[in-house]
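To start, the structure under review is shown below, and the notes come after it.
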Ligand SMILES: [Zn+2]
Ligand SMILES: [Zn+2]
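Numbering (our numbering), first residue to last: 2 to 829.
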């Protein structure tokens, strides 16, 4: 059974009830989640049930060895992840025999995370799990929980290999969520080739996060990259630090300093309170509608001036706070007006100004000039301003366990009000009680968008979600085409369990667990026999009359790197202290911790002194550069086999196998906040070869000749179309642009024609290019639309420029790309 419904629709209850019942009945339950953090959260929930017969325990990389034996022998509800299942539980199934014999139910939570290559690996791990269960004569029920997806039953069947029932009706009560689509403005800055630079989504997100936290709105900002999340946290904290600095200057902590205050002095305090408010206003860079829709509790209490439902009035020079509907009233211009309001009350009073502000805050309904006080609702309780920045933190997968737990705890307790996170949190950690969600950059799929937006809104109350567009053709397309987001079914979850690069290692692992027999072939899919022959020929498996055996000394499970990276992870180490900051997988290391890269950890910035691939270490040191870095690669592609071809306009569309050689050759430095380009530094890293699948299209010379005659740079037009189409493919396949790559040329050696390739960035392919092939007309039409939608003149990062282009975004021809796609696409 698969339950595929939205966030907070009660999926957990739906699987917990039968799962706990199975345990009470003497059975065991295996609970699988993509992340350790989610397992820890689930465990907490289970313990809160206080069912004594329920012996729930996590079994993951954080579980101390002395506890593992207890878990194997005594736990009846085991929470783990696919990695542990793959590397530890299945290979040592004999130690788990008691558990497997009584196994009644397998819960696969947040299973929409199992897509692409990772999903394909998990599909094979689940087939191995089914074999092991059969060995112990158990046939557990599979219960899957997923975010909304189209055709969840078909997906669940691909994932488990079993027939599935689907439950898709969500009848849970919900408040309304206001969704804002937010396009940052073009700035005066000029980037590569003189292109205008758009304000970065992370800069916008950091501003909004700081604003919302000051307004006491619990906010989670989702940022696509771990680096981006850390930049947002860092920037928002810096803004709060500025606010805290102003506050501490104007409101020193010791209340006694006011004990002998004369009315005059008190008035001074009020003057400075106004200055300080103005100061806060400067720090709070409020722009338009998010504020207007924000569901903060305060807004409701201030039906008057402050609810700020007139964005036009707020904009502008009074970025401040609230908004300044009536600048004259705001006091920043007329400080004396404020203190004049209640002279009697204040004159002989010994309260500090902070108390006063706090009082205003409490009584803001009655105080006409309270326009700023809502921003500081907790002032009397928080005299230590230096703590203010600590209300915001960053969170991502890849942190050491103790760091993660601390952050989760603080957020639950409310000592943290704002969090910037990668999608590590999207995968179900239960952070309840959020009011607003900021989504910096398209999260890749409609399913993810709704999943992330669904985190805002506590107890059925209304909520706010803001999608902030990045400099990216897909983001541009979506904020200009809301119809592509609303009222449409979400994407299908794509995976390809038959990928031979995935299947091979799991067949070895399965043979090492229990020798494979002919009966097992159907379990692993149609291509199994061919892949087995290949493994025997390579000496990986031995064929004997009784079946296929693993006879090598090494561990078979080491062959499969299920998180898709390949190679051992690179340890990130601080050179001065030897402190281990975290790890990155080897292919990512080329782009994220190359020598010279800016690396962020928990809001701290580091510069990579040296990436040593041999030693598997990146040495970093603490630094505060005002730029970020972007690795760029160059790519060669050759066609190995064409599997499908069909006409497309005057051209041809193909799908097949390719060999790609990629090399990170340099890195781009861009100014942290503005995105302005600062330079391009060369790198010396080895090329990486990839055998994968690609979709490509060609146009004959007769079709492109008229374009060339019209003065179009064909190479630049093809290059621009390639960049934009890479940007748009994620709208049709559940991938992101970093999962795919492209090559374009006016004349490709293998086709002899103008050719544009888009390939899967994973060994063996992951189903993305195949999906692009299947939806080519829609995909390329949206690509054309995205280019046309952008208001820049000659191309910018929001349409045809790519941050990872190894050719420095040269040549690019924006109008040419539109003409080229018009030529290719059939008239509508
Ligand atoms: Zn543009
Ligand atoms: Zn390029």
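Using N, Cα and C, we set each Cβ at its ideal position, and we do this for glycine too. Small disclaimer: the values here were computed from a predicted structure and weren't measured.
Residue i - partner residues in DSSP beta bridges
| i | result |
| --- | --- |
| residue 1 | The structure shown does not extend to residue 1, since the chain is modelled only from 2 to 829, so the question has no answer here. |
| residue 421 | 222, 395 |
| residue 831 | In the structure displayed, the chain extends from 2 to 829; residue 831 sits before or after that span and is not available. |
| residue 697 | 655, 758 |
| residue 4 | 146, 168 |
| residue 31 | 79, 107 |
| residue 648 | 653 |
| residue 112 | According to DSSP, which records beta bridges pairwise, residue 112 is partnered with nothing at all. |
| residue 232 | Note: residue 232 sits in no beta bridge, so no partner. |
| residue 622 | 608 |
| residue 11 | BP columns for residue 11 are empty, so no partner. |
| residue 745 | 757 |
| residue 662 | 637, 690 |
| residue 59 | 80 |
| residue 47 | In the DSSP output, where bridge partners are listed per residue, residue 47 has none listed. |
| residue 643 | 657 |
Cβ-heavy atom distance, residue i to ligand 2, below 8 Å
| i | result |
| --- | --- |
| residue 817 | no |
| residue 720 | yes |
| residue 1 | Shown here, the chain extends from 2 to 829; a query on residue 1 therefore has no answer. |
| residue 24 | no |
| residue 728 | no |
| residue 458 | no |
| residue 249 | no |
| residue 803 | yes |
| residue 807 | yes |
| residue 810 | yes |
Nearest to residue i (by Cα), restricted to the options the options
| i | options | result |
| --- | --- | --- |
| residue 824 | 807, 785, 790, 813 | 785 |
| residue 1 | 55, 724, 7 | What the structure shows of the chain is the stretch from 2 to 829, and residue 1 is not part of that stretch, so it cannot be assessed. |
| residue 664 | 709, 193, 590 | 590 |
| residue 748 | 720, 742, 105 | 720 |
| residue 740 | 805, 538, 643 | 805 |
| residue 37 | 498, 81, 107, 699 | 81 |
| residue 831 | 16, 137, 44, 118 | Residue 831 lies beyond the stretch modelled for the chain, which goes from 2 to 829, so this question has no answer here. |
| residue 95 | 135, 112, 83, 61 | 135 |
| residue 518 | 504, 760, 533 | 533 |
| residue 625 | 236, 422, 105 | 236 |
| residue 819 | 395, 800, 811 | 800 |
| residue 41 | 616, 92, 25, 61 | 61 |
| residue 623 | 617, 693, 607, 732 | 607 |
| residue 85 | 563, 639, 632 | 563 |
| residue 503 | 723, 79, 746, 125 | 125 |
| residue 456 | 481, 485, 420, 476 | 420 |
| residue 444 | 631, 422, 679 | 422 |
| residue 687 | 619, 620, 595, 34 | 595 |
| residue 757 | 153, 746, 557, 644 | 746 |
| residue 206 | 183, 195, 187, 217 | 183 |
| residue 795 | 113, 27, 542, 197 | 197 |
| residue 122 | 97, 146, 162 | 162 |
| residue 585 | 576, 602, 577 | 602 |
| residue 654 | 538, 781, 499 | 781 |
Inset, instruction - Mind listing which residues have their beta carbon within less than 5 Å of any non-hydrogen atom of ligand 1? Chain order is fine. - result: 791, 793, 797, 799, 800
Inset, instruction - Starting from the N-terminal side, write out each stretch of the alpha helix (DSSP H) that is 4 residues or longer and does not extend beyond the region 138 to 219. - result: 153 to 161, 202 to 215
Legend entry - Completely contained alpha helix (DSSP H) runs for the region 567 to 614, where each covers 4 or more residues: 587 to 593
Inset, instruction - Jot down the residue ranges of each uninterrupted alpha helix (DSSP H) in the region 512 to 571, minimum 4 residues, whole runs only, in chain order. - result: 522 to 525, 529 to 538
Inset, instruction - Could I get the ranges of all uninterrupted alpha helix (DSSP H) runs contained in the region 764 to 810, with 4 residues as the minimum, in chain order? - result: 769 to 775, 777 to 790
Inset, instruction - Write down every uninterrupted run of the alpha helix (DSSP H) in the region 471 to 506 whose length is 4 residues or greater and which is fully enclosed by it, in chain order. - result: 474 to 481
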